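Accompanying notes for the structure given below.
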Amino acid sequence: MNRVVVVGAGLAGIRSVEALRGRGFEGHITLVGQERHRPYDRPPLSKAVLMGQTDTTTVDSDLEALRVDFRPGVAAKGLREGVVETTEGELPFDRLIIATGADPITLPGDGPQQTLRTIDDAHLLRVTFVPGARVVIIGAGWIGAEVATAARKAGCDVTVVEAGPAPLSHVLGSEIGARTLPWYEHIDLRLRTMVREVDEGGVLLADGEFLDADVVVTGIGVRPAVEWLADADIDLHNGVVTDEYLRASMPGVVAVGDCASWWSRRYGRHLRVEHWDTALSAPEVAAATVLGEEQAYDPVPYFWSEQFGHMVQFAGDQQGARLVYRGEQEPKWTACWLTDDDRLSAVLTVDRPRDLVQGRRVIESGQHVDVALLVDPQVSLRDC
Ligand code: FAD
């Protein structure tokens, strides 16, 4: 086994290269990335970059020391056993790591709509954020909330259009989402509002109202970037389907990061999470699998968001669990989700990072908790 190809030069891609070298792999590694940039981090795009606090977010990795054949501006177009077809010809491989991430979903209509996935998107968007600019953001999810934060800070006139009953409702439920409503104080937040299309000059809503806009930002989610695999003999279902070792159905192929739907032993189902922490940590397992070692990927997923001056952090999986709060709503608070037999399955914190760290450990341990202690914010989560 001498030739590894990594497709996708985002965080999961470059971390895979680092992990292979870190585990002593001496063979040839090719890293193919359709963007013309060196691998960079995306979380700052909707935060520091959009706010003009930094221009670059390049991942701190030494491509020369890693002895990687990096091919920027090259896209994979197809896959058959042992060969990746790219825009620059065929690349044979012994092992393949798929790390192509995800692409933003857009709405119908001929008007200009901006999405935020790449550093080029962030640079384009931030020059439009000038005082008084009418910015309509479609979607009050993680990205929408962060973009709204930056647009408000720049002095824009911001409208956020959300189909659900509250911000973040599709990811955390409407009860939690409603707790973030006060953060939208200086924003025209339209809930339960559907967009029909994006037109020249603004957004046409389903009820016929037209929202004038200088800038329209669509933040309604992403799809795994696996279209290039459509004709390949590989299982695709909400991304590249893998087992707990991140092995795809095609021999010699693994998948990591936003594009991978891996079998979670912990949760007993496939998970595909679009979180930085996964792109950071899963490549260790992918590299181990590529090198023939047995190491399962079984994390408690973790995510954070910075919005309206608050640090929001989430760990775990809340599906089917019951919600309890630790203390009152403002200004800092923690929500916990519990299983029927009182184990912690997920924790959400607003400006309470210690609860997050401790809660994540309690989730990992799978221990039972004393709910009477847990709801008391004075009691440390690790002592519950
Ligand atoms: P990506 O970073 O998407 O990298 C995949 C790369 O593959 C891309 O460069 C893509 O162009 C390339 N590619 C795609 N198709 C092909 C092809 N056919 N051939 C060659 N190359 C291809 N997560 C958090 O936990 N917290 C946050 O606060 C947070 N903020 C975010 C803010 C923004 C604006 C965005 C966009 C994401 C944010 N995320 C956040 C999510 C996090 O950045 C992603 O989970 C992470 O980037 C996934 O890494 P990845 O390497 O799997 O995919």
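Take any residue in the sequence shown, note its place counting from 1, add 3, and you have its number in my numbering.
Think of the CB as a built atom: it goes at the ideal place given N, C-alpha and C, for glycine as much as any other residue.
As the structure is a computational prediction, the values presented were derived from the model and not from experiment.
The stretch 294-303 and the stretch 241-251 touch, with no fewer than 3 CB-CB distances between them shorter than 8 Å.
Look at G147 here: in three-state DSSP terms it is helix. Assignment of Y300 by DSSP, reduced to helix, strand and coil, places it in the coil class. A direct Cα-Cα distance of roughly 37 Å separates D354 from V9.
The three-state reading of DSSP puts T292 in helix, counting H, G and I together. Three or more beta-carbon pairs drawn from the stretch 322-330 and the stretch 338-354 are found closer than 8 Å, and the two stretches are therefore classed as touching. With a threshold of 8 Å, the Cβ atom of A228 counts as near ligand 1, since some heavy atom of the ligand is closer than that. For R45, the Cβ falls inside the 8 Å cut-off from some heavy atom of ligand 1. About 5 Å separates the beta carbon of A169 from that of S177, a gap short enough to meet the 8 Å contact definition. By the 16-neighbour rule on beta-carbons within 10 angstroms, G55 is exposed.
When T221, V201, V256 and G224 are compared, the shortest CA-CA separation from D238 is found for V256. In this structure, E38 has its beta carbon less than 8 Å from a heavy atom of ligand 1. Runs of the alpha helix (DSSP H) lying entirely within the stretch 83-166, each at least 4 residues long, are 122-131 and 145-156 in chain order.
The nearest non-hydrogen atom of ligand 1 is 8 Å or more from the C-beta of Y248. Cβ-Cβ distances below 8 Å link D58 to V52 and H126 in the same chain, with the five nearest sequence neighbours on each side left out; the list follows chain order.
For Q361, the three-state secondary structure derived from DSSP is helix. Secondary structure note for A181: its alpha helix (DSSP H) is the uninterrupted segment S177 to R182.
With a contact defined as Cβ atoms closer than 8 Å, D202 and D113 qualify at about 7 Å.
When beta bridges are read from the DSSP output, R272 appears opposite S267.
The beta carbon of Y305 sits closer than 8 Å to at least one heavy atom of ligand 1. Counted as a single uninterrupted DSSP element, the alpha helix (DSSP H) harbouring G25 occupies residues L14 to G25.
When the five nearest sequence neighbours on each side are left out, the beta carbons in the same chain lying within less than 6 Å of the beta carbon of H173 are those of G167, in order along the chain. In the structure shown, the three-state DSSP call for V259 is coil. R26 and R98 have their alpha carbons spaced roughly 15 Å apart.
Distances from the alpha-carbon of R226 to those of A216, P185, I366 and V243 put V243 closest. Within the same chain, L376 come within 8 Å of V382 by CB-CB distance, once the 5 residues on both sides are set aside. If you ignore the 5 residues before and after A349, its C-beta comes within less than 8 Å of the C-beta of F317, A318, G319, D320, Q321, A324, C339, W340 and I366, all in its own chain and listed in chain order.
Cβ-Cβ separation between V206 and V220: approximately 10 Å, too far for a contact (criterion under 8 Å). A distance criterion of 8 Å places the beta-carbon of T131 beyond contact range of ligand 1, judged by its closest non-hydrogen atom. When DSSP states are grouped into helix, strand and coil, P42 belongs to the coil group.
Burial state of L184 is exposed, judged by a 10 Å Cβ sphere holding fewer than 16 other Cβ atoms. Around the beta carbon of F213, fewer than 16 other beta carbons lie within 10 angstroms, which makes this residue exposed.
Within the same chain, Q310 and F311 come within 6 Å of T152 by CB-CB distance, once the 5 residues on both sides are set aside.
For E309, the CB falls within less than 8 Å of some heavy atom of ligand 1.
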